[in-house]
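Quick note: the sequence shown, position 22, residue 21 per numbering that gives the first Met the number 0, numbers continuous.
Yeah, the Cβ is synthetic: ideal placement off N, Cα and C, and Gly gets one too.
For clarity, every value in this text was computed on a predicted model and none was experimentally measured.
Each remark here refers to the structure printed beneath this line.
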Amino acid sequence: MGFLVGSALLAILMSFGAAKFTLGRWPEWSASRHMLVAASAFPLLALVAFAVMVVVTLAGPQPQEPGGTTGMVVFAMVFFLVYALGVALIVGLPSAWVAVRVLR
0 MGFLVGSALL AILMSFGAAK FTLGRWPEWS ASRHMLVAAS AFPLLALVAF AVMVVVTLAG
60 PQPQEPGGTT GMVVFAMVFF LVYALGVALI VGLPSAWVAV RVLR
């Protein structure tokens, strides 16, 4: 339960941070463009974390037990990516909308 709350809070903080950054940096953009950038901050962070961890896993030492592969580790990371995208849709999108409306 703590992981769910933590990832939801991270999505909210990322959305508000990205909205504040884009509104301060590019105030001439439309509200929908600001919202798109703010809503995509958390999924992009999850995608970068996923890519880094896949590279680290594949570059690391291979398991020595019979039948052991890194495939299950990468498979688990794919589920993490799907989970992060779900959190981004359920929590990140509404918080990006609220962030852009509040900060405009």
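Endpoints, alpha helix (DSSP H) assigned at residue 93: Taking the sequence shown and counting its residues from 1, one reaches residue 93 at position 94. Its alpha helix (DSSP H) spans residues 92-102.
How do the segment 21-34 and the segment 94-101 stand: do at least 3 beta-carbon pairs fall below 8 Å, yes or no? yes
Distance, Cα to Cα, residue 2 vs residue 86? Position 3 of the sequence shown, counting from 1, holds the residue named residue 2. Position 87 of the sequence shown, counting from 1, holds the residue named residue 86. Near 11 Å, if we compare the C-alpha coordinates of residue 86 and residue 2.
Write down the C-beta distance between residue 52 and residue 76 rounded to the nearest angstrom, noting that I regard them as a contact closer than 8 Å. Position 53 of the sequence shown, counted from the first residue, corresponds to residue 52. Position 77 of the sequence shown, counted from the first residue, corresponds to residue 76. 6 Å between Cβ atoms; contact.
Does DSSP classify residue 56 as helix, strand or coil? Translated into the one-based positions of the sequence shown, residue 56 becomes position 57. If DSSP states are grouped into helix, strand and coil, residue 56 belongs with the helices.
DSSP three-state assignment for residue 21, whether helix, strand or coil: Position 22 of the sequence shown, counting from 1, holds the residue named residue 21. Note: residue 21 maps to helix in three-state DSSP.
Between the C-alpha atoms of residue 5 and residue 79, what's the straight-line distance to the nearest angstrom? Stepping through the sequence shown from its first residue, residue 5 is reached at position 6. Stepping through the sequence shown from its first residue, residue 79 is reached at position 80. Straight-line Cα distance between these residues: approximately 14 Å.
Who are the near neighbours of residue 91 in its chain, counting only those whose CB is closer than 6 Å to its CB and skipping five residues on each side? Start at 1 with the first residue of the sequence shown, and residue 91 comes out as number 92. Cβ within range, chain order: 10, 14, 38 and 41.
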